[in-house]
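Residue numbers (my numbering), protein chains in the order written: chain A, 1 to 123; chain B, 1001 to 1123.
There are 2 protein chains.
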Amino acid sequence: MKNDAVLREEEGCRVRLVHLDRVNRARSEAIPEAEMERLALTFKVLGDPTRLKIFTALAGGEMCVCDLAAYLGLSESAVSHQLRRMREQALVRPRREGQVLYYALDDGHVADLLRLGLEHVRE
Amino acid sequence: MKNDAVLREEEGCRVRLVHLDRVNRARSEAIPEAEMERLALTFKVLGDPTRLKIFTALAGGEMCVCDLAAYLGLSESAVSHQLRRMREQALVRPRREGQVLYYALDDGHVADLLRLGLEHVRE
DNA sequence: TTTATACTTGAACATATGCTCAGATATAAG
DNA sequence: CTTATATCTGAGCATATGTTCAAGTATAAA
């Protein structure tokens, strides 16, 4: 089979030779934009060494902000900023005890994602 | 139990009240820095809407660069730049057929990570 | 109340990221 | 060889990101 490519035109703007069937399949199977944005945000929060260290530390049990700051050698402000981003994506969860906030992984997905990611980089 | 916190001193620089036991446990369970960097890079590549659209499109079957460009409404240059990053983390794999490069997901981990991530954002 | 502790927040800054543009490379056909 | 197609690459630029600093809130103790 040679080539089922076709010349497409779209929104008045000429495009290249493409496999229209594949493009259309991808379009029909596409994930909603809003869901895609949240998925990207989730992975983006996982995609930073500092935050990953926080995640793996919390995988061993809950810790407070100043524990994490001491562990990472960072200011508590920096850690707090990071924890906020992680909270916003429901990846960690705080529990207050007096003045201290103990953070923990929010649900099983987080640990699963870490394990899978590690399997990949170790392969 | 009240508080097992202690005042630590480290590298001549005074730090706050921390739970030393928890910090030490985190330290002993820490993942090697180099591995952490690769893990962060992997998630970082997953953490962008454009690249996620490429990943999910490829989950339905292999596609060439210009197919992806047409699907995304982006230049082939932009797509090629993204595919390079994805290749560098062994997340996609090209197969040459004449002048055309067909890209596919590199291994099962990628699809698993996407599925897990979607489960999380849909919860 | 005042003081201290634990954490959060907003602004500022240096670095990183994603896209476009122009040009380079690779394969195929004449 | 020349020409065309498909993809890649480096530079440049606008925006996003991670940290620090200074100031703010929340809880507890004196």
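We treat Cβ as the ideally placed atom computed from N, Cα and C, and that holds for glycine.
Keep in mind that this is a model prediction, so the values were computed, not measured.
Quick one: is glutamine 124 of chain A buried, meaning 16 or more other Cβ sit within 10 Å of its Cβ, or exposed?
With chain A covering only 1 through 123, there is no way to say anything about residue 124 of chain A.
Are the C-beta of tyrosine 94 of chain A and some C-beta of chain B separated by less than 8 Å?
Here residue 94 of chain A is taken as the residue at index 94 of the first sequence, counted from 1. Reading the sequence as shown, one finds proline at residue 94 of chain A and not tyrosine. No, because no Cβ of chain B sits closer than 8 Å to the Cβ of proline 94 of chain A.
Helix, strand or coil for glutamate 97 of chain A? Go by DSSP, reduced to three states.
Residue numbering aside, residue 97 of chain A sits at position 97 when the first sequence is read from its first letter. Residue state, collapsed to three classes: strand.
According to DSSP, is alanine 1030 of chain B part of a helix, a strand, or is it coil?
Residue mapping note: residue 1030 of chain B aligns to position 30 of the second sequence, counting from 1. In this structure, alanine 1030 of chain B counts as coil in the three-state DSSP scheme.
Taking C-alpha atoms, which residue in B/His1019, B/Leu1116, B/Leu1091 and B/Ser1077 lies nearest to cysteine 1066 of chain B?
Working through the second sequence from its first residue, we reach residue 1066 of chain B at position 66. If we check each option's Cα against that of cysteine 1066 of chain B, B/Ser1077 comes out closest.
Chain A partners of leucine 1039 of chain B, CB-CB under 7 Å?
The sequence position of residue 1039 of chain B within the second sequence is 39, counting from 1. Within chain A, the residues near leucine 1039 of chain B are Leu52, Gly117, Leu118 and Val121.
Would you check if there are 3 or more beta carbon pairs closer than 8 Å linking the segment 1043-1063 of chain B to the segment 28-45 of chain A?
Yes: the two stretches touch, three or more of their Cβ pairs being nearer than 8 Å.
Within 8 Å of any Cβ in chain A, is that where the Cβ of aspartate 1112 of chain B sits?
The residue labelled residue 1112 of chain B in the question sits at position 112 within the second sequence. Yes - at least one Cβ of chain A is within 8 Å of the one on aspartate 1112 of chain B.
Only counting the same chain, and skipping five residues up and downstream in sequence, which positions put a Cβ closer than 8 Å to that of alanine 1069 of chain B?
Taking the second sequence and counting its residues from 1, one reaches residue 1069 of chain B at position 69. Excluding sequence neighbours, alanine 1069 of chain B sits near Ser1075, Glu1076, Ala1078 and Val1079.
Who pairs with tyrosine 103 of chain A in a beta bridge, going by DSSP?
In the first sequence, residue 103 of chain A corresponds to position 103, counting from 1. DSSP lists A/Met63 and A/Pro94 as partners of tyrosine 103 of chain A.
Please classify histidine 1120 of chain B as buried or exposed, where buried requires at least 16 other C-beta atoms within 10 Å of its C-beta.
The count along the second sequence starts at 1 and reaches residue 1120 of chain B at position 120. When all chains shown are included, histidine 1120 of chain B counts as buried.
Answer with buried or exposed for glutamate 1062 of chain B, where buried requires no fewer than 16 other C-beta atoms within 10 angstroms of its C-beta.
Taking the first residue of the second sequence as 1, we reach residue 1062 of chain B at position 62. Buried.
Apart from the five residues just before and just after aspartate 106 of chain A, which ones in its own chain have a Cβ nearer than 6 Å to its Cβ?
Here residue 106 of chain A refers to the residue found at position 106 when the first sequence is read from its first residue. Ala90, Leu91, Val92 and Arg93, listed in sequence order.
Of all Cβ atoms in chain B, is any one closer than 8 Å to the Cβ of valine 124 of chain A?
With chain A represented from 1 up to 123, any question about residue 124 of chain A goes unanswered, as that position is not in the structure.
What in chain B is Cβ-close to methionine 36 of chain A, meaning under 7 Å?
Start at 1 with the first residue of the first sequence, and residue 36 of chain A comes out as number 36. Here the neighbours are Pro1049, Leu1052 and Lys1053.
Taking C-alpha atoms, which residue in B/Gly1117, B/Leu1083 and B/Leu1114 lies nearest to leucine 1101 of chain B?
Sequence index remark: in the second sequence, residue 1101 of chain B carries index 101 (1-based). Measuring from the Cα of leucine 1101 of chain B, the nearest candidate turns out to be B/Leu1083.
Please name the residue in A/Arg95, A/Val18, A/Leu52 and A/Arg85 whose C-alpha comes closest to that of leucine 113 of chain A.
Within the first sequence, residue 113 of chain A is the residue found at index 113, counting from 1. Closest option to leucine 113 of chain A, Cα to Cα, is A/Leu52.
In angstroms, rounded to a whole number, what distance separates the CA positions of lysine 2 of chain A and glycine 1108 of chain B?
For the purposes of this step, residue 2 of chain A is taken as residue 2 along the first sequence, with counting starting at 1. For the purposes of this step, residue 1108 of chain B is taken as residue 108 along the second sequence, with counting starting at 1. Unreliable placement is indicated for lysine 2 of chain A, whose pLDDT of 32 sits below 50; the coordinate value is still reported in the next sentence. Taking the straight line from one Cα to the other gives about 30 Å.
Report yes or no: is there a C-beta of chain B within less than 8 Å of the C-beta of glutamate 29 of chain A?
In the first sequence, counting from the first residue as 1, residue 29 of chain A sits at position 29. It does: the Cβ of glutamate 29 of chain A has a partner Cβ on chain B nearer than 8 Å.
Arginine 22 of chain A touches chain B at which residues, Cβ-Cβ below 7 Å?
For the purposes of this step, residue 22 of chain A is identified with residue 22 of the first sequence, where counting begins at 1. Within chain B, the residues near arginine 22 of chain A are Gly1061, Met1063 and Asp1067.
Could you check if alanine 26 of chain A is buried or exposed, using at least 16 other CB atoms within 10 Å of its CB as the buried criterion?
Counting from one through the first sequence, the residue named residue 26 of chain A turns up at place 26. Alanine 26 of chain A is buried by the Cβ-count criterion.
Could you check if histidine 81 of chain A is buried or exposed, using at least 16 other CB atoms within 10 Å of its CB as the buried criterion?
The residue given as residue 81 of chain A occupies position 81 in the first sequence. Result: exposed.
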